[in-house]
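Asks:
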Amino acid sequence: MKILVQKFGGTSVATLENMKMVREKVRDGLKRCDKVIAVLSARAGETNNLLALADAWSPAPDKAECDVLVSTGEQVSVSLFAMLLKDIGLSARSMLGWQIPIITDDDFGRARILSIDKEMLLKQLADNDVLVVAGFQGCTRDGRITTLGRGGSDTSAVALAAALDSTLCEIYTDVDGVYTTDPNICSSARKMERIAYDEMLEMASMGAKVLHIRSVEFAKKYRVPVYVRSTFSDDAGTLVTQEDSTMEAVLVSGIAYDKDQARVTLAAVPDVPGMAAAVFGPLSEQGILVDMIVQNTSQDGHTDMTFTIPRKDLSQTLEIMENVAREIGADKVLHDVSVAKVSAIGVGMRNHSGVAARAFAALTQEGINILMISTSEIKITILIQEKYVELAVRILHDAFGLDWDLGC
Ligand code: ADP
Ligand code: ASP
Ligand code: MG
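Quick note: the sequence shown uses this note's numbering, first residue 71, plus one each step.
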């Protein structure tokens, strides 16, 4: 039995008209495969509205209850869509995370999928042409509802595809593929025919929200090809797949950016063993993700430590850092919220030098000041003032010739 998993994002299910377009995509899927699992997000804006509701009700909303609340966005979508399918005579039913169940850990708000009951899915597929599954949600072993983190419906879809050994997972969204950079901020962004899992992982982790990072991790681990395409057109999309030699010929294949950043500095930290552990230990205990870290050379036995975190974690981080600074005898805690990250990504960097120099030269020409730099095997990331983000993305896109179609 050939099972196709198709995922539809928030804008794709926002209105009745859009959902009818989604229905056509599902009908088309049924022509190509025996059964379809349609994974749906909440209607555009709904998750934000529900989170705002929680904030209006409580100064510190309980995380587990928040998941019960936000998961209802997807419940609305799947019930409405199953009705639409039935209206045209298809056999279909909706399924929520706990009904399958999709078992996760209990890290509410960003839970990880542990297992999926494949037998239950196959049983339901025996009676239905289409299962309409709520994305973004699961439940713990003891039945508490969880959510997978913002953008998590992509992960639900790829995990379902992996569990059912599907040969393809289609992600339908409001753009017709993965572009060399966000097409909504750079008009010369070019659609890629294919992108390697590792490049897509870096793009997603550096802010390209077209795919949720954990969906790419699943896809890579279980070798599920992911095809990103548009709900609103029939144009060819982008295949996220295994790397091959033609991909390495391209030095940089994409530019990503992330405005959700804040920079924190601990000034004059005593330069003795144990300081990094004292600073970053309490942050990791609170689940705060630290990204770029820079420690300056020592002066008079003291050094400055600077790092970046997601902006939403700033006030909690500052509170923790004030305590740490007192304990270790650091001078003061400084912060800056008007910063953003821009990254150039490409598997071709493994075998080429000079990529960083080319990026820095291009930014210098436009007078953009670089605040921090970090690199990995296939990525260069710079931290800059947020107001320069769009400009920096366009400059780097241009500097690496990404608007030229190299036919790779
Ligand atoms: P959905 O609601 O369908 O999951 P998202 O808003 O999560 O859609 O993701 C699609 C958006 O991702 C696009 O509208 C686009 O602005 C953004 N995006 C960022 N980087 C890229 C990129 N490199 N290629 C395509 N889209 C990108
Ligand atoms: N509805 C969730 C969100 O807005 C999950 C998703 O759309 O993928 O983050
Ligand atoms: Mg998304």
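Built from N, CA and C at the ideal position, the CB exists for glycine as well.
Note that the structure is a prediction, hence the values are computed from the model and not measured.
Looking at the ligand ASP, does it come within less than 6 Å of Ser408, judged from the CB to the closest heavy atom?
Replies: The count along the sequence shown starts at 1 and reaches residue 408 at position 338. It does not: the Cβ of Ser408 is nowhere closer than 6 Å to a heavy atom of the ligand ASP.
Asks: What residues match up with Phe78 in a beta bridge as DSSP calls it?
Replies: Counting from 1 along the sequence shown, the entry for residue 78 is found at position 8. Phe78 is bridged to Leu110 and Tyr242.
Asks: Give the straight-line distance between the Cα atoms of Ser128 and Cys103, rounded to the nearest whole angstrom.
Replies: Against the sequence shown, residue 128 aligns to sequence position 58. Against the sequence shown, residue 103 aligns to sequence position 33. For Ser128 and Cys103, the distance between alpha carbons rounds to 47 Å.
Asks: Decide if His422 is buried, meaning its Cβ has at least 16 other Cβ atoms within 10 Å, or exposed.
Replies: Looking up residue 422 in the sequence shown gives position 352. Classification for His422: exposed.
Asks: Are the beta-carbon atoms belonging to Leu155 and Val200 less than 7 Å from one another?
Replies: Reading the sequence shown from its first residue, position 85 is the one you call residue 155. Reading the sequence shown from its first residue, position 130 is the one you call residue 200. Their beta carbons are under 7 Å apart, which means Leu155 touches Val200 by this criterion.
Asks: Ignoring anything shorter than 3 residues or poking outside the segment 209-271, list the beta strand (DSSP E) runs there in chain order.
Replies: With a minimum length of 3 residues, the continuous beta strand (DSSP E) runs that stay inside the segment 209-271 are 215-217, 239-243 and 264-266.
Asks: With H, G and I counted as helix, E and B as strand and the rest as coil, what does DSSP make of Ile170?
Replies: In the sequence shown, counting from the first residue as 1, residue 170 sits at position 100. Ile170: coil per DSSP, three-state reduction.
Asks: When we look at the beta-carbon of Asn439 and count the other beta-carbons within 10 Å, is it buried (16 or more) or exposed?
Replies: Start at 1 with the first residue of the sequence shown, and residue 439 comes out as number 369. Exposed, by the Cβ-count rule.
Asks: Based on the DSSP output, what are the partners of His372 in its beta bridges?
Replies: What you label residue 372 is simply residue 302 of the sequence shown in a count that begins at 1. In the DSSP output, where bridge partners are listed per residue, His372 has Pro340 and Gln369.
Asks: Residues bridged to Gly324 by DSSP?
Replies: Taking the first residue of the sequence shown as position 1, residue 324 is located at position 254. The partner list for Gly324 (beta bridge, DSSP) reads Ile415.
Asks: Decide if Arg396 is buried, meaning its Cβ has at least 16 other Cβ atoms within 10 Å, or exposed.
Replies: Your numbering for residue 396 matches position 326 in the sequence shown. Looking at its Cβ environment, which holds fewer than 16 other Cβ atoms inside 10 Å, Arg396 is exposed.
Asks: List the residues that DSSP assigns as beta-bridge partners of Phe377.
Replies: Residue mapping note: residue 377 aligns to position 307 of the sequence shown, counting from 1. In DSSP, Phe377 forms a bridge with Val334 and Ile363.
Asks: Thinking C-beta only, is Gly424 closer than 7 Å to Val322?
Replies: What you label residue 322 is simply residue 252 of the sequence shown in a count that begins at 1. What you label residue 424 is simply residue 354 of the sequence shown in a count that begins at 1. For Val322 and Gly424, no; Cβs fall outside 7 Å.
Asks: Quick one: does the C-beta of Gly219 sit closer than 6 Å to a heavy atom of the ligand MG?
Replies: Position 149 of the sequence shown, counting from 1, holds the residue named residue 219. No, since every heavy atom of the ligand MG falls outside the 6 Å radius drawn around the Cβ of Gly219.
Asks: How about the segment 371-384 and the segment 331-348: do they share at least three Cβ pairs that are nearer than 8 Å?
Replies: Flag = yes, the segment 371-384 and the segment 331-348 touch.
Asks: Is the segment 233-242 touching the segment 280-299 in the sense that three or more CB pairs, one from each, lie closer than 8 Å?
Replies: With the cut-off at 8 Å, the segment 280-299 and the segment 233-242 touch.
Asks: Say yes only if the C-beta of Ser147 is nearer than 6 Å to one or more non-hydrogen atoms of the ligand ASP, and no if none qualify.
Replies: Start at 1 with the first residue of the sequence shown, and residue 147 comes out as number 77. No.
Asks: Given a threshold of 16 other Cβ atoms within 10 Å of its Cβ, counted over all protein chains shown, does Ala152 qualify as buried or as exposed?
Replies: Here residue 152 is taken as the residue at index 82 of the sequence shown, counted from 1. Answer is buried; the Cβ neighbour count reaches 16.
Asks: On the DSSP letters alone, give me the boundaries of the beta strand (DSSP E) that Met165 sits inside.
Replies: For this step, residue 165 is matched to residue 95 along the sequence shown. It spans Ala162 to Met165 - the beta strand (DSSP E) in which Met165 sits, taken as one unbroken run.
Asks: Can the beta-carbon of Glu116 be found closer than 7 Å to that of Phe206?
Replies: The sequence position of residue 116 within the sequence shown is 46, counting from 1. The sequence position of residue 206 within the sequence shown is 136, counting from 1. Their beta carbons are not under 7 Å apart, which means Glu116 does not touch Phe206 by this criterion.
Asks: Below 6 Å, is the gap between the Cβ of Gly483 and the nearest heavy atom of the ligand MG?
Replies: The requested residue 483 does not occur in the structure, where the chain is confined to residues 71 to 478.
Asks: What are the start and end residues of each continuous alpha helix (DSSP H) run of 4 or more residues lying completely inside the segment 379-446, in chain order?
Replies: Fully enclosed alpha helix (DSSP H) runs of 4 or longer: 384-398 and 425-435.
Asks: Please classify Gly221: is it buried, with 16 or more other beta-carbons within 10 angstroms of its beta-carbon, or exposed?
Replies: Reading the sequence shown from its first residue, position 151 is the one you call residue 221. Gly221 comes out buried.
Asks: At the level of alpha carbons, what is the spacing between Ser164 and Asn198?
Replies: On the sequence shown, residue 164 is found 94 positions in, with the first residue counted as 1. On the sequence shown, residue 198 is found 128 positions in, with the first residue counted as 1. Whole-angstrom Cα-Cα distance: 10 Å.
Asks: Report yes or no: do the segment 202-219 and the segment 178-190 share at least 3 C-beta pairs separated by less than 8 Å?
Replies: Touching, per the Cβ criterion.
Asks: According to the neighbour-count rule (16 or more other Cβ atoms, all chains shown, within 10 Å of its Cβ), is Leu476 buried or exposed?
Replies: Mapped onto the sequence shown, residue 476 falls at position 406. Residue confidence is low: Leu476 scores 46 on pLDDT, short of 50, so the model does not pin down where it sits. No coordinate-derived value is stated.
Asks: Would you say the beta carbon of Ala482 is closer than 6 Å to some non-hydrogen atom of the ligand ADP?
Replies: Residue coverage of the chain in this structure runs from 71 to 478, which leaves residue 482 outside it and unanswerable.
Asks: Does the segment 288-297 come close enough to the segment 381-391 that 3 or more CB-CB pairs lie under 8 Å?
Replies: In short, these stretches do not touch, since the Cβ pair count stays below three.
Asks: Assign Ser303 to buried or exposed, taking buried as 16 or more other Cβ atoms, counted over all protein chains shown, within 10 Å of its Cβ.
Replies: Translated into the one-based positions of the sequence shown, residue 303 becomes position 233. Burial call: exposed.
Asks: What do you get for Leu359, buried or exposed, if any count of 16 or more other CB atoms within 10 angstroms of its CB means buried?
Replies: To locate residue 359, count along the sequence shown from 1; it is residue 289. Leu359 should be labelled exposed.
Asks: Based on the DSSP output, what are the partners of Leu309 in its beta bridges?
Replies: Locating residue 309 in the sequence shown gives position 239, counting from the first residue. Per DSSP, Arg264 and Tyr297.
Asks: Nearest-angstrom Cα distance between Ala289 and Met273?
Replies: Your numbering for residue 289 matches position 219 in the sequence shown. Your numbering for residue 273 matches position 203 in the sequence shown. Ala289 and Met273: Cα-Cα distance of roughly 15 Å.
Asks: In chain order, what residues of the same chain have a beta carbon less than 7 Å from the beta carbon of Glu456, not counting five sequence neighbours either side?
Replies: Against the sequence shown, residue 456 aligns to sequence position 386. These residues qualify, in order along the chain: Lys329, Ser408, Val409 and Ala410.
Asks: Which term fits Asp24, buried or exposed, when burial requires 16 or more other beta carbons within 10 angstroms of its beta carbon?
Replies: Only positions 71 to 478 of the chain appear in this structure, which leaves residue 24 out of reach.
Asks: Please work out which residues of its chain come closer than 7 Å, Cβ to Cβ, to Ala84, disregarding the five sequence neighbours upstream and downstream, and give them in chain order.
Replies: On the sequence shown, residue 84 is found 14 positions in, with the first residue counted as 1. So the list reads Arg113 and Ala114, once near-sequence residues are dropped.
Asks: Are there 16 or more other CB atoms within 10 angstroms of the CB of Gln76, so buried, or fewer, so exposed?
Replies: Translated into the one-based positions of the sequence shown, residue 76 becomes position 6. Burial call: buried.
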